[in-house]
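Colleague:
Chains as they are written, first to last, in the working numbering: chain A, 27 to 268; chain B, 27 to 268.
1. Quick one: what does DSSP say residue 272 of chain A is sitting in, helix, strand or coil?
2. Among A/157, A/104, A/171 and A/198, which has the Cα closest to the Cα of residue 40 of chain A?
3. Which parts of the stretch 72–133 of chain A are runs of the beta strand (DSSP E), unbroken and 3 residues or longer, counting only runs that do not cross its ends?
4. So is residue 123 of chain B buried or exposed if we call it buried at 16+ other beta carbons inside 10 Å?
5. Mind checking who residue 257 of chain B pairs with in its DSSP beta bridge?
6. Assign residue 163 of chain A to one of three DSSP states: helix, strand, or coil.
7. Would residue 86 of chain A pass as a contact of residue 130 of chain A if the rule is Cβ separation under 8 angstroms?
8. Nearest CA to the CA of residue 135 of chain A: which residue from A/178, A/158, A/117 and A/160?
9. Report the partner residues of residue 56 of chain A according to the DSSP bridge assignment.
10. Taking buried to mean at least 16 other C-beta atoms within 10 Å of its own C-beta, is residue 2 of chain A buried or exposed?
11. By Cβ distance, which residues of its chain are closer than 7 angstroms to residue 47 of chain A, with the 5 residues on each side in sequence left out?
12. Could you pull out every residue in the same chain whose Cβ sits closer than 8 angstroms to the Cβ of residue 262 of chain B, ignoring the five residues on either side in sequence?
13. Distance, Cα to Cα, residue 248 of chain B vs residue 195 of chain A?
14. Starting from the beta carbon of residue 249 of chain A, find every residue of chain B whose beta carbon is closer than 8 angstroms, and list them in chain order.
15. Please confirm whether residue 83 of chain A and residue 90 of chain A have their CB atoms less than 8 angstroms apart.
16. Which word fits residue 88 of chain B, buried or exposed, when buried means at least 16 other C-beta atoms lie within 10 angstroms of its C-beta?
17. Going by other Cβ atoms of all chains shown within 10 Å of its Cβ, with 16 needed for buried, is residue 128 of chain B buried or exposed?
18. Are the Cβ atoms of residue 63 of chain B and residue 101 of chain B separated by less than 8 angstroms?
19. Hey, how far is the Cα of residue 260 of chain A from the Cα of residue 243 of chain A?
Here it is in C-alpha cells:
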C-alpha cells in the first residue's frame, strides 16, 4: 500500500509576507474576496474562456488591441475605456461567453504575481468554496492560502475565507502543527460563519467600499457556493479546470 | 476649552509590515510575549536601571566589556558566556538591581529596531497590561501595537496581547475606523481571554517552545498585571518611566 504524503495547510496574511513561505512545492490559493477572486469565479461560471492577470492598466489596454475584453479596477472603481470592472454582476453577461479577458485590480492580480514561484496557483472565494476544497483534497500537495489584503495590509474578509478552507480541509490535511496564522483564520471563521455579513460590517474594507454603493456586491461575495469552478493558472492565464 | 486630538489604535502583525504604517507621530508598543518583552518588564520590576536592545550577539559582548550585564537568546535558548537568558525568572535576581543590561533576542529586539522611526517606543506584555494602558491613555498620541511574531511570521500570543490593549483603550481612543488587524486582534482576545493558556496550547510557538521545557515561563508570561512598569526607549536604552 502506498502511503499518501502528509499535506499541510498554511495561511499568509499579505503578499508582502510571501517570502516567509517556501511555495515551490505547494498549491497557492489566491484570495481577494472583495472582489477580484469572486468576480473571476463568476466569469468562469458564466462561460469565459480565460482570464489573464496583468499588473498594470496600460498592459491591459495592449491586450484589448489583441481582441481581449479588458477589466480593470483601482481603489474599488471601474476605469474608463474598459469593458468590465470588479463587480461580480458585471461578469454575468453573455458577451463574455468564450472570450479571453485581461484583468488588472488593486490587490488581486498583484497577489497572483506575488505567488509566481508556486507549484500551482488557484483562485479562491466564498463563491467556489466547496468545489475548491474538494479539488484541493484531490491534489497531493500542501496548500498555502494567500490573502491579498488591502495594499498589503491584513484584511478580515480574505482571512475568513482562508479559515473556511482550513475548516474544509481539516479531515484530509495534517493540522496538528499548523502555524498561528492558519489557527487565527480558523478561529475567526468559526466566530463569523453564522453571519459573515454582520461580522464584517465593522471591517475597514467594508467601510472603505461603502461609498461605492456596492452593498449587493458584498452580500453576494459572502455567499458560499454560487459557482462550480476552480480557476487555475496555466501558461500565464487562468482557466477553469473543473 | 481645548479639545483633545482624536487618537487611533492600530495593530501590525509583523515587523516586516511596519513600512505600511506612518509611525512618526505615534507611540509604538513592541510586543514579544514569549518572552522578551515579558522578561524586560520583570527586569524593571526587580530594579534594573536600563536595558539596551542590541541587534547581534557580538554587539552584546562588547557591552559586557563596558560593565553591562548581558542577556541573549537565539531560537529560545540562552547562550554561553551570557549573564541572562530570555526567561522572566532569570531576571528575578538581586544581582540586576541598579545595573545596565544589554539584551539581544531572536524577535523582540529586532522589532524594537524596526520601530526606530516612531515618536516613542514602549514595551508591552501581559505582565504590565493595565499599567501600560493607563500610561497610553495619558499620552496625546495614537498607538500602534507591533507584534514581534516569530521571525516575521504572525503569532497568536502577541496578537492576543495587542487585542487586550485595544480592549483596554476602547473608551479613550476612536475605534470606529479601526483597521482589520486591530479588529481581528480584539476578536481573538475576547475569544481567548477566559483561559489564555488553553487557547494557546495548540499555537505554533507553544509547540516550538515545548521542547525547551519552559511551561512555567509561558504560564507566567500569560498572567496579566504582575508588574507596574512602563519601559520606554530614551536615548537608545529602555528605562522605566513609572
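Each residue gets a CB set at the ideal place from its N, CA and C atoms; glycine is no exception.
Treat the numbers as computed from the prediction; the structure is a model and nothing was measured.
Modeller: In this structure, then:
1. The structure shown does not extend to residue 272 of chain A, since chain A is modelled only from 27 through 268, so no value can be given for it.
2. Here the question's residue 40 of chain A lines up with position 14 in the first chain. Here the closest residue by C-alpha is A/171.
3. Complete beta strand (DSSP E) runs here, min 3: 76–79, 95–100 and 126–130.
4. Here residue 123 of chain B refers to the residue found at position 97 when the second chain is read from its first residue. When all chains shown are included, residue 123 of chain B counts as exposed.
5. Counting from one through the second chain, the residue named residue 257 of chain B turns up at place 231. Bridge partners of residue 257 of chain B: B/266.
6. For the purposes of this step, residue 163 of chain A is identified with residue 137 of the first chain, where counting begins at 1. Residue 163 of chain A: helix per DSSP, three-state reduction.
7. The residue labelled residue 86 of chain A in the question sits at position 60 within the first chain. The residue labelled residue 130 of chain A in the question sits at position 104 within the first chain. Between residue 86 of chain A and residue 130 of chain A, the C-beta gap is smaller than 8 angstroms, which places the two residues in contact.
8. As a first step, residue 135 of chain A must be located in the first chain, where it is residue number 109. Answer by Cα proximity: A/178.
9. As a first step, residue 56 of chain A is located in the first chain; it is residue number 30 there, counting from the start. Bridge partners of residue 56 of chain A: A/149 and A/172.
10. The first residue shown for chain A is 27 and the last is 268, placing residue 2 of chain A beyond what the model contains.
11. Against the first chain, residue 47 of chain A aligns to sequence position 21. These residues qualify, in order along the chain: 36, 38 and 170.
12. Reading the second chain from its first residue, position 236 is the one you call residue 262 of chain B. Cβ neighbours of residue 262 of chain B beyond the five flanking positions: 78.
13. As a working mapping, residue 248 of chain B is identified with position 222 in the second chain. As a working mapping, residue 195 of chain A is identified with position 169 in the first chain. Looking at the two C-alpha atoms, the distance is approximately 31 angstroms.
14. Counted from its first residue, the first chain places residue 249 of chain A at position 223. Correct list: empty, because the minimum Cβ distance to chain B is about 20 angstroms.
15. Position 57 of the first chain holds residue 83 of chain A. Position 64 of the first chain holds residue 90 of chain A. No, the pair does not count as a contact, with Cβ atoms beyond the cut-off.
16. As a first step, residue 88 of chain B is located in the second chain; it is residue number 62 there, counting from the start. Exposed, since its Cβ has fewer than 16 Cβ neighbours within 10 Å.
17. Indexing the second chain from 1 puts residue 128 of chain B at position 102. By the 10 Å Cβ count, residue 128 of chain B comes out buried.
18. Position 37 of the second chain, counted from the first residue, corresponds to residue 63 of chain B. Position 75 of the second chain, counted from the first residue, corresponds to residue 101 of chain B. Not in contact: residue 63 of chain B and residue 101 of chain B (Cβ atoms no closer than 8 angstroms).
19. On the first chain, residue 260 of chain A is found 234 positions in, with the first residue counted as 1. On the first chain, residue 243 of chain A is found 217 positions in, with the first residue counted as 1. Rounded to the nearest whole angstrom, the CA to CA distance from residue 260 of chain A to residue 243 of chain A is 28 angstroms.
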